[in-house]
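*Asks:*
There are 2 protein chains.
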Amino acid sequence: MVTIKDVAREAGVSVATVSRVWNDAAFVSPETRQRVSEIAARLGYSPHGAARSLITRTTHALGVLLPDLYGEFFSEIIRGIDHTAQADGYHILVSSSHDSKDEIDAALRSMRGRVDGMIIMSPDLEAQRTLHALQGSFPVVLLNGGAESKAFDTITIENHEGASAMVRHLVQRGHRRIAMIAGPERNYDAAERLRGYRSALGESGIAPDPAFVLAGDFSELSGHRAARAMLALDPRPTAIFAANDSMAIGALSALREAGLRVPEDIAVAGFDDIPMARYMNPPLSTVHVDISKLGERATTLLLSSLQNGERPRKQLQLATNLVIRSSCGGPVS
Amino acid sequence: MVTIKDVAREAGVSVATVSRVWNDAAFVSPETRQRVSEIAARLGYSPHGAARSLITRTTHALGVLLPDLYGEFFSEIIRGIDHTAQADGYHILVSSSHDSKDEIDAALRSMRGRVDGMIIMSPDLEAQRTLHALQGSFPVVLLNGGAESKAFDTITIENHEGASAMVRHLVQRGHRRIAMIAGPERNYDAAERLRGYRSALGESGIAPDPAFVLAGDFSELSGHRAARAMLALDPRPTAIFAANDSMAIGALSALREAGLRVPEDIAVAGFDDIPMARYMNPPLSTVHVDISKLGERATTLLLSSLQNGERPRKQLQLATNLVIRSSCGGPVS
DNA sequence: TTGTAGGCGTTATCAT
DNA sequence: ATGATAACGCCTACAA
């Protein structure tokens, strides 16, 4: 490996001079600069990142900790983050932790000294406590982490508003027996979406029926199962609202297998508006979230706190909007 | 920030001892080990990654350079890579370069000293030359990079075989006028898939019609455009084979907009079998590629070369298989 | 079993 | 305008 010393020796200058040339510092004669550049290029020199960040105390890398890497939701997030980071010359160091305290701890440890800050998506409510240990130690942005954590910059989706808007829409279309496939109990987004569902029912004067709420785990399979269980209910719901699109998609296939027509026999709606949603058959009505923008804004937040140093924490919310397609019968007539 | 010195001072031992405790080295008395561990935990100490890798000459990170981060193909690749890397205690440093020589150069530079090896996906044939500069300098696995590069470990998809199998299937279903929406001209996978298409036509004694080959850029939009253009042809093709699923999906929507039935009026097939494919209407026939496995195997290859040091380069191929759904009319009767 | 000290590759500080 | 040299935080001979 060719180091700064090799270049210095070859050029007959000191390492300090090479360093200055490399960093475009002032006070290097044009001739020296020229000669050193040429030799560096010829030798294929480029500085050693770790060594550099040891002294500069900056890595130009952002840590990204996600609960999972599966599915379009996460890939869109990463895309948003990477895009924004790269525009500012930052790399991203990705890690997925399955939400357990220990795994999060391990990930945080192993990123120490390798990143300038972190974006952590940890919707598990338990895991929040782990994070409190970090408070203020170094720049962190929490993604969908529950806004209680005023100690951090956070960005969350308007879960409650989105969910209740969708339920209101279903009510307006004449549904009274609206079931919900909820997400994991300990998940922040899931809890908020469920809360939105309930409050919309309340507003509409519909008594909530506990039998109409089944929990899934955000996977397609769990949506499929929940929908099947709901078909066994009597009376049967006339609409199913899933806490995310994957589960809604699972529900759609369960309904098809059961020989039911959507939306004629039963309406279906999801949440997130992953790219796949509009290709469903019928196209899936859902609550649109600009997922890659979620990643973008988290990154912007993090970069701003890296560059501006201390400043009051910010709590951002990302707006949602209804996307009515045919799986719920289309717009209100 | 708490360093090894702080822990040493607090524990009344030397930094060497703390280091030994941390790395589970032998020859530390149980009492000392215990005391140091406790203090380290209390102080929230964890070693500084950059400093550590400077001396150990290892980062436990893998660089991943992709041409893009958009769409299910890339997200599946990342998932496969991260999963395998994490199992061995490695992190991944992600970067997307838009395939230009300069961008690739920049990415490589900035990763120096931050990663132990790299997985580079750079299907652009031009970019291959840049890579030759790297030869042997440090561990690299080329993903879909054209097997000519015997200087690297490579893993490629069986593009030629997959494409020709699909075309043969279409021929068996009675199609003679089979059009192809090809990928970018300078793209390796695209070129191989086109070659497979041509050789299958040849085998079947069908004269290739240049008007039946239109180039897209792997995006849905370009597939849409190409399909529209093909509808204007006279005689019109009876089947369209797209070089990837995204373009096939774009073609499907163009056909629907034109009021054509798939597969009755025109058959459609894609390549990759992204998760979305089976949800299309009608479900898309395609050449299945286990995309996340592609990432997995690339990572395995890289890790093995990190651990075993010098060994002969390996050239791997990932098998494909036909997935016949209804967009091409189903299996041969 | 533990401590001392040198060095990893780079930048920053002070000379000159 | 350039050079010597001390950090940065850690690991590892070697010494004790």
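Protein sequences, first through last, are from chains V and E.
According to the working numbering, the stretch in the first sequence is residues 4 to 336, in order.
According to the working numbering, the stretch in the second sequence is residues 4 to 336, in order.
The beta carbon of each residue, even a glycine, is placed where N, CA and C say it ideally should be.
(1) Which class does V:K76 belong to by DSSP, given the choice of helix, strand or coil?
(2) What are the boundary residues of the beta strand (DSSP E) that E:A270 is part of?
(3) Between the alpha carbons of V:P278 and E:L224, how many angstroms are there, rounded?
(4) Within 8 Å of any Cβ in chain E, is that where the Cβ of V:L224 sits?
(5) Please list, in chain order, the chain E residues whose beta carbon lies closer than 7 Å to that of V:V10.
(6) Quick one: is V:G199 near chain E, going by C-beta distance under 8 Å?
(7) So is V:N26 buried or exposed if we call it buried at 16+ other beta carbons inside 10 Å?
(8) Only counting runs of 4 or more residues, tell me where the alpha helix (DSSP H) segments fall wholly within the stretch 39-74 of chain V, in order along the chain.
(9) Any C-beta of chain V within less than 9 Å: which residues of the stretch 166-183 of chain E qualify?
(10) Of all Cβ atoms in chain V, is any one closer than 8 Å to the Cβ of E:I81?
(11) When burial is assigned at 16 or more other CB atoms within 10 Å of the CB, is V:A28 buried or exposed?
(12) Name the DSSP bridge partner or partners of E:H94?
(13) Identify every residue that forms a DSSP beta bridge with E:A337.
(14) Tell me whether V:R328 is buried or exposed, calling it buried when 16 or more other Cβ atoms sit within 10 Å of its Cβ.
(15) Using only alpha-carbon positions, find the residue among V:S256, V:L234, V:A246 that is nearest to V:I184.
(16) I need the straight-line Cα distance from V:D248 to V:I269, nearest angstrom please.
(17) Taking the alpha-carbon positions, what's the V:V97 to E:H86 distance?
(18) Quick check: the stretch 52-70 of chain V against the stretch 108-122 of chain V, are at least 3 beta-carbon pairs closer than 8 Å?
(19) Give me the Cα-Cα distance between V:L306 and E:L72, rounded to the nearest whole angstrom.
(20) Between the Cα of E:K337 and the Cα atoms of E:L145, E:S295, E:D156, E:F30, which residue gives the shortest distance?
(21) Taking E:G120 as part of the beta strand (DSSP E), name the residues at either end of that continuous run.
(22) If you draw a straight line from the C-alpha of V:S49 to the C-alpha of E:G116, how long is it?
(23) By Cβ distance below 7 Å, which residues in the same chain neighbour E:L46 in space, the five residues on each side in sequence not counted?
(24) On the DSSP bridge list, what partners appear for E:Q318?
(25) Can you name the residues that DSSP bridges to E:L325?
(26) What's the call for E:P211, buried or exposed, on a 16-neighbour Cβ count within 10 Å?
(27) Just the Cα atoms here: how many angstroms apart are V:V144 and V:R239?
(28) Does any residue of chain E have a CB that is nearer than 8 Å to the CB of V:A257?
(29) Going by C-alpha to C-alpha distance, which of E:V31, E:H94, E:V170 sits closest to E:A203?
(30) Among E:E195, E:G186, E:L146, which residue has its Cα nearest to the Cα of E:A168?
(31) The alpha helix (DSSP H) that contains V:A242, what's its start and end?
(32) Tell me whether V:L145 sits in a helix, a strand or coil according to DSSP, three-state version.
(33) Under the three-state reduction of DSSP, which class applies to E:S99: helix, strand or coil?
(34) Could you tell me the distance, in whole angstroms, from the CA atom of E:H178 to the CA atom of E:A242?
(35) Does V:E299 pass the burial test, meaning 16 or more other C-beta atoms within 10 Å, or should it be called exposed?
(36) To which residues of the same chain is E:V335 closer than 8 Å at the C-beta, ignoring the five residues directly before and after it?
*Replies:* Let me lay it out:
(1) As a first step, residue 76 of chain V is located in the first sequence; it is residue number 73 there, counting from the start. A small correction: the amino acid at residue 76 of chain V is Phe; Lys does not occupy that position in the sequence shown. Of the three classes helix, strand and coil, the one that applies to V:F76 here is helix, per DSSP.
(2) Position 267 of the second sequence, counted from the first residue, corresponds to residue 270 of chain E. 270-275 is the extent of the beta strand (DSSP E) around E:A270.
(3) Locating residue 278 of chain V in the first sequence gives position 275, counting from the first residue. Locating residue 224 of chain E in the second sequence gives position 221, counting from the first residue. Inter-residue distance for V:P278 and E:L224 is about 14 Å (C-alpha atoms, whole angstroms).
(4) Against the first sequence, residue 224 of chain V aligns to sequence position 221. At a cut-off of 8 Å between C-beta atoms, V:L224 does not count as an interface residue with respect to chain E.
(5) Position 7 of the first sequence, counted from the start, is the residue given in the question as residue 10 of chain V. Those within 7 Å of V:V10 in chain E number zero; the least Cβ separation is about 14 Å.
(6) By 1-based counting over the first sequence, the position of residue 199 of chain V is 196. For V:G199, the answer is no, since every Cβ of chain E falls outside 8 Å of its Cβ.
(7) Here residue 26 of chain V refers to the residue found at position 23 when the first sequence is read from its first residue. Exposed, since its Cβ has fewer than 16 Cβ neighbours within 10 Å.
(8) Runs of the alpha helix (DSSP H) inside the stretch 39-74 of chain V: 52-59.
(9) Within the stretch 166-183 of chain E, contact with chain V at the beta-carbon level (separation under 9 Å) is assigned to no residue.
(10) For this step, residue 81 of chain E is matched to residue 78 along the second sequence. The beta-carbon of E:I81 is placed less than 8 Å from the nearest beta-carbon of chain V.
(11) The residue labelled residue 28 of chain V in the question sits at position 25 within the first sequence. Classified as exposed, V:A28 has fewer than 16 neighbouring CB atoms from the shown chains inside 10 Å of its CB.
(12) Working through the second sequence from its first residue, we reach residue 94 of chain E at position 91. Beta-bridge analysis with DSSP links E:H94 to E:A64.
(13) It is not possible to answer for residue 337 of chain E, since the shown part of chain E is limited to 4 through 336.
(14) One-based indexing of the first sequence puts residue 328 of chain V at position 325. That one is buried.
(15) What you label residue 184 of chain V is simply residue 181 of the first sequence in a count that begins at 1. Ranking V:S256, V:L234, V:A246 by CA distance to the CA of V:I184 puts V:A246 first.
(16) Position 245 of the first sequence holds residue 248 of chain V. Position 266 of the first sequence holds residue 269 of chain V. The straight-line gap from Cα to Cα measures roughly 16 Å.
(17) Walking along the first sequence from the start, residue 97 of chain V turns up at place 94. Walking along the second sequence from the start, residue 86 of chain E turns up at place 83. One C-alpha to the other measures close to 11 Å.
(18) Contact between the stretch 108-122 of chain V and the stretch 52-70 of chain V is present: 3 or more CB-CB pairs across the two stretches fall below 8 Å.
(19) Position 303 of the first sequence, counting from 1, holds the residue named residue 306 of chain V. Position 69 of the second sequence, counting from 1, holds the residue named residue 72 of chain E. Taking the straight line joining both Cα atoms gives about 21 Å.
(20) Given a span of 4 to 336 for chain E in the structure shown, any question on residue 337 of chain E remains unanswerable.
(21) Here residue 120 of chain E is taken as the residue at index 117 of the second sequence, counted from 1. Looking at the DSSP string, the run of the beta strand (DSSP E) that includes E:G120 is 120-124.
(22) Indexing the first sequence from 1 puts residue 49 of chain V at position 46. Indexing the second sequence from 1 puts residue 116 of chain E at position 113. The C-alpha of V:S49 lies about 9 Å from the C-alpha of E:G116.
(23) Sequence index remark: in the second sequence, residue 46 of chain E carries index 43 (1-based). These residues qualify, in order along the chain: V5, D9, V10, E13.
(24) The sequence position of residue 318 of chain E within the second sequence is 315, counting from 1. DSSP links E:Q318 through a beta bridge to E:T157.
(25) Stepping through the second sequence from its first residue, residue 325 of chain E is reached at position 322. Residue pairing by DSSP places E:L325 opposite E:V290 in a beta bridge.
(26) Stepping through the second sequence from its first residue, residue 211 of chain E is reached at position 208. Around the beta carbon of E:P211, a 10 Å sphere encloses fewer than 16 other beta carbons of the protein chains shown; the residue is thus reported as exposed.
(27) Along the first sequence, read from residue 1 onward, the residue named residue 144 of chain V stands at position 141. Along the first sequence, read from residue 1 onward, the residue named residue 239 of chain V stands at position 236. In a straight line, the C-alpha of V:V144 is about 43 Å away from that of V:R239.
(28) The sequence position of residue 257 of chain V within the first sequence is 254, counting from 1. With respect to chain E, the C-beta atom of V:A257 has no partner C-beta closer than 8 Å.
(29) Residue 203 of chain E sits at position 200 when you count from the first residue of the second sequence. The shortest C-alpha to C-alpha distance from E:A203 to any of E:V31, E:H94, E:V170 is the one to E:V170.
(30) Against the second sequence, residue 168 of chain E aligns to sequence position 165. Distance from the Cα of E:A168 is smallest, within the candidate group E:E195, E:G186, E:L146, for E:E195.
(31) By 1-based counting over the first sequence, the position of residue 242 of chain V is 239. Segment 242-245 is the beta strand (DSSP E) holding V:A242; no alpha helix (DSSP H) there.
(32) On the first sequence, residue 145 of chain V is found 142 positions in, with the first residue counted as 1. In the three-state DSSP reduction, V:L145 falls in the strand class (E or B).
(33) Residue 99 of chain E sits at position 96 when you count from the first residue of the second sequence. Strand.
(34) What you label residue 178 of chain E is simply residue 175 of the second sequence in a count that begins at 1. What you label residue 242 of chain E is simply residue 239 of the second sequence in a count that begins at 1. Between E:H178 and E:A242, the C-alpha separation is close to 7 Å.
(35) Translated into the one-based positions of the first sequence, residue 299 of chain V becomes position 296. Taking a 10 Å sphere around the C-beta of V:E299, we find 16 or more other C-beta atoms and assign the residue as buried.
(36) Within the second sequence, the letter at position 332 stands for residue 335 of chain E. Excluding residues within five positions, the ones whose Cβ falls inside 8 Å are H172, Q175, R176.
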